[in-house]
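Count the sequence shown with this note's numbering and you get residues 360 to 555, in order.
Each residue gets a CB set at the ideal place from its N, CA and C atoms; glycine is no exception.
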Amino acid sequence: MLNIALVAGSSRSNSQSSKVARFLRQRLIQQGLCTQEQSSLIDLGLAPLPLWPAEDAGPWDLYSQQLQAADALIIVAPEWNGMACPAIKNFFIYAGKAELAHKPGLLVGVSSGIGGAYPISELRASSYKNCRLCYLPEHLIVRQVEAVLNTPQAASEEDQRIRNRIDYALDILGKYGQALQPVRASIDLSQFATGM
């Protein structure tokens, strides 16, 4: 059984990203990949991190503990004006190798329209460098998010399609989570504080 951390990357409280993260957590539990106790949901809208650098790091100590305990990570990133929103970018300034090094990460883009791809490419390009998070080659994009993942049963063909893809991606994340455990245990993280 894995410990999986999910990050709802919107700075809005009660966001669609939070809804998606809660749905993903429930599916992880239903698939037997983790339990409620062996998973954590970091909601940057409900308990935001102060803009880096800050004298008071807010809830970072708790988040750091949850991330260090995790075997795998899910990053839910909303698309705002064709970009990853500031809250998730700020999160990756806080997160380092102590929390995320050599852990598999599943990226999930969220859009109220037909977008959602830009946060995926933006985070793949830069967010992993110093924290050493290993993004899966698989990712998810939840488009028309307000119309899907709202009920226990799929409400439409599109809703069922994204649910099927979610189950597929979570299964892959679970396999990577198991596979990378011995890799993490064998790597010396004391040298080279930052990526190249």
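Collapsing the DSSP output to three states places V504 in a helix. Put simply, the backbone Cα of A457 is about 20 Å away from that of P409.
In the three-state scheme derived from DSSP, where H, G and I count as helix and E and B as strand, A443 is classed as strand. Cβ atoms of L495 and I531 come within 8 Å of each other, at about 6 Å. Residue state for Y535 is assigned as helix, using DSSP reduced to three classes. Membership of I546 in any beta strand (DSSP E) is not indicated, and neither H nor E is assigned to it by DSSP.
In the DSSP assignment, I401 falls outside any alpha helix (DSSP H) and within the unbroken beta strand (DSSP E) covering 398 to 402. One thing to note: E505 has its Cβ within 9 Å of the Cβ of Q375. Burial is judged here by how many other beta carbons sit within 10 angstroms of a residue's own beta carbon; F451 has at least 16 and is buried. By the beta-carbon neighbour count (other beta carbons within 10 angstroms, threshold 16), I447 is buried. Restricted to the region 413 to 484, the alpha helix (DSSP H) segments that are unbroken, complete and at least 4 residues in length are 419 to 428, 445 to 453, 456 to 459, listed in chain order. In this structure, DSSP gives L408 a state outside helix and strand, which the three-state scheme calls coil.
Non-local C-beta neighbours of W411 in its own chain, meaning closer than 8 Å and more than five positions away in sequence, comprise N449, I452, Y453, ordered along the chain.
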